[in-house]
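Participant: Just dropping this structure here.
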Amino acid sequence: MPERDAGQRAANVDVAANSSSALAHEAAAKAARGMAPEPVPPGFAAIDWSTPWFAQFAARGQRWQQAALTGYADLLAAMNADAALMQQTTGRGRRLAFIAQDDLPPGAAYEGHIASTGCVPTRHNLHDFFNGSMWFAFPRIKAALNGRQSAELDVLGVGPTRGGVRDMLTLFDENALLFACADPALSAALRGFDWQTLFVARRDAWGRGCEVRCFGHALLEKLIAPFKGCTGHAWIVDVPAEYFDWDTLARDAWLDEAVSTALLGTEALTSSLFAPLPVLGIPGWWPDNESPAFYDDATVFRAGRRKR
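Here it is, written out as structure tokens:
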């Protein structure tokens, strides 16, 4: 088995290296013909690593950002260098690697390809940059999502609609927030759209009884230019009280294990498992929310199901 894993890892590294090499060769050929290099997609230079939603993976992210600003091949090379060190696996135990989007075979399902080969098709844009980042920030959750997605594809195939389970998994992957909470009253306030309790009356509980991690890569892309109505889908994670005595790495590892186990073990995955959470309302995440009046905006902090 170790030899087989080593062979798979080597195969993935070769595929990823070939993908990066092809891109680099193409760029060199254009330069030799006097053609200007392709412009860097917008947004990479605008990442503010001091914000709470990006700070959680700033150390790796800043290295990748510099690579992305240099070029597509450089970004893939940086991502694959980290993947080789981490020896992370995808939903079916394949070693993780990153390939150019154009190397996804025609007609192949994205999630199925990742599960069966370990290779994540990646574009030179912020969306896929943040997607790749989550494979390192929460590797077990990403593998669990990929495993459930590929299992659904095996049963239902690729059709005009995803189906309820795949819709929920996609929503998690794209827009989830992890709401870690040791106080049931705070979880109840979130589920009940009781923003005054969650954000004002119990404001001092944030950081001691609850906290949030951004997960969804589309949500992170939106937060390049934050706006008041930006809302994530919160997945509530009950944590022990001592969780808040641990350092950030220990907390993230605990969340990674607990959430991945839940995703693999929950048979009925539906969007009703989420609770909407306006991101800029999180205490300490946006200066304007220091004023209680910030939460009076009913177009953002809606009564929701609590009123109905």
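Numbering-wise (this note's numbering), the sequence shown opens with residue 56 and increments by one.
Ideal Cβ placement from N, Cα and C applies to all residues, glycine included.
Which first and last residues belong to the beta strand (DSSP E) in which Arg203 is found?
Facilitator: Here the question's residue 203 lines up with position 148 in the sequence shown. Looking at the DSSP string, Arg203 is not in any beta strand (DSSP E); the run it does join, the alpha helix (DSSP H), is 194–211.
Participant: Among all the DSSP beta bridges, which residues are the ones paired with Pro331?
Facilitator: Position 276 of the sequence shown, counted from the start, is the residue given in the question as residue 331. Answer is His288, bridged to Pro331.
Participant: Just verifying my parser: in three-state terms, what is the DSSP assignment at Val154?
Facilitator: Mapped onto the sequence shown, residue 154 falls at position 99. What sits at residue 154 in the sequence shown is Ile, not Val. Residue state, collapsed to three classes: strand.
Participant: Would you call the segment 293–302 in contact with the segment 248–260, where contact means no fewer than 3 C-beta pairs closer than 8 Å?
Facilitator: At 8 Å Cβ cutoff, the stretches do not touch.
Participant: Decide if Gly287 is buried, meaning its Cβ has at least 16 other Cβ atoms within 10 Å, or exposed.
Facilitator: Position 232 of the sequence shown, counted from the first residue, corresponds to residue 287. It counts as buried.
Participant: Alpha carbon to alpha carbon, what distance is there between Leu324 and Phe349?
Facilitator: In the sequence shown, the residue the question calls residue 349 occupies position 294. In the sequence shown, the residue the question calls residue 324 occupies position 269. Cα-Cα distance, rounded: 34 Å.
Participant: Taking Glu266 as part of the beta strand (DSSP E), name the residues at either end of that continuous run.
Facilitator: Here residue 266 refers to the residue found at position 211 when the sequence shown is read from its first residue. Run containing Glu266: 265–269, per the beta strand (DSSP E) assignment.
Participant: Just the Cα atoms here: how many angstroms apart are Thr303 and Trp309?
Facilitator: Position 248 of the sequence shown holds residue 303. Position 254 of the sequence shown holds residue 309. The alpha-carbon atoms of Thr303 and Trp309 are separated by roughly 10 Å.
Participant: Taking Ala122 as part of the beta strand (DSSP E), name the residues at either end of that continuous run.
Facilitator: Here residue 122 refers to the residue found at position 67 when the sequence shown is read from its first residue. Taken as a continuous stretch (DSSP letters only), Ala122 belongs to no beta strand (DSSP E), being part of the alpha helix (DSSP H) at 113–125.
Participant: DSSP three-state call for Ala428: helix, strand or coil?
Facilitator: Past the boundaries of the shown model lies residue 428; the chain is included only from 56 to 363, so the question cannot be answered.
Participant: Can you find the residues in the same chain that come closer than 6 Å, C-beta to C-beta, to Ile279, ignoring five residues on each side of it along the sequence?
Facilitator: Within the sequence shown, the letter at position 224 stands for residue 279. Hits under 6 Å: Gly98, Ala101.
Participant: List the whole-angstrom C-beta distance separating Leu181 from Glu276, where the pair is believed to meet the contact cut-off of C-beta under 8 Å.
Facilitator: Locating residue 181 in the sequence shown gives position 126, where the first residue counts as 1. Locating residue 276 in the sequence shown gives position 221, where the first residue counts as 1. That pair is a contact at about 5 Å.
Participant: Below 8 Å, how does it come out for the segment 150–169 and the segment 234–251: are there three or more Cβ pairs, yes or no?
Facilitator: Segments in contact, no.
Participant: Between the segment 218–225 and the segment 336–350, are three or more C-beta pairs nearer than 8 Å?
Facilitator: With a cut-off of 8 Å, the segment 336–350 and the segment 218–225 do not count as touching, because too few Cβ pairs lie within range.
Participant: Hey, out of Thr177, Ser346, Val210, Ile169, whose CA is closest to Lys197's CA?
Facilitator: In the sequence shown, residue 197 corresponds to position 142, counting from 1. Measuring from the Cα of Lys197, the nearest candidate turns out to be Ile169.
Participant: Just the C-alpha distance for Asp129 and Val175, rounded to the nearest angstrom, thanks.
Facilitator: Start at 1 with the first residue of the sequence shown, and residue 129 comes out as number 74. Start at 1 with the first residue of the sequence shown, and residue 175 comes out as number 120. For Asp129 and Val175, the distance between alpha carbons rounds to 16 Å.
Participant: Assuming Gly218 and Glu207 are in contact, meaning their beta carbons sit under 8 Å apart, how far apart are those beta carbons, in whole angstroms?
Facilitator: Along the sequence shown, read from residue 1 onward, the residue named residue 218 stands at position 163. Along the sequence shown, read from residue 1 onward, the residue named residue 207 stands at position 152. That belief holds up - the Cβ atoms of Gly218 and Glu207 are roughly 7 Å apart, short of 8 Å.
Participant: Find out if the Cβ-Cβ distance for the pair Met134, Phe153 is shorter than 8 Å.
Facilitator: In the sequence shown, residue 134 corresponds to position 79, counting from 1. In the sequence shown, residue 153 corresponds to position 98, counting from 1. Cβ atoms of Met134 and Phe153: closer than 8 Å.
Participant: Between which two residues does the beta strand (DSSP E) containing Thr177 stretch?
Facilitator: On the sequence shown, position 122 is the one that residue 177 refers to. From DSSP, the beta strand (DSSP E) with Thr177 extends over 174–177.
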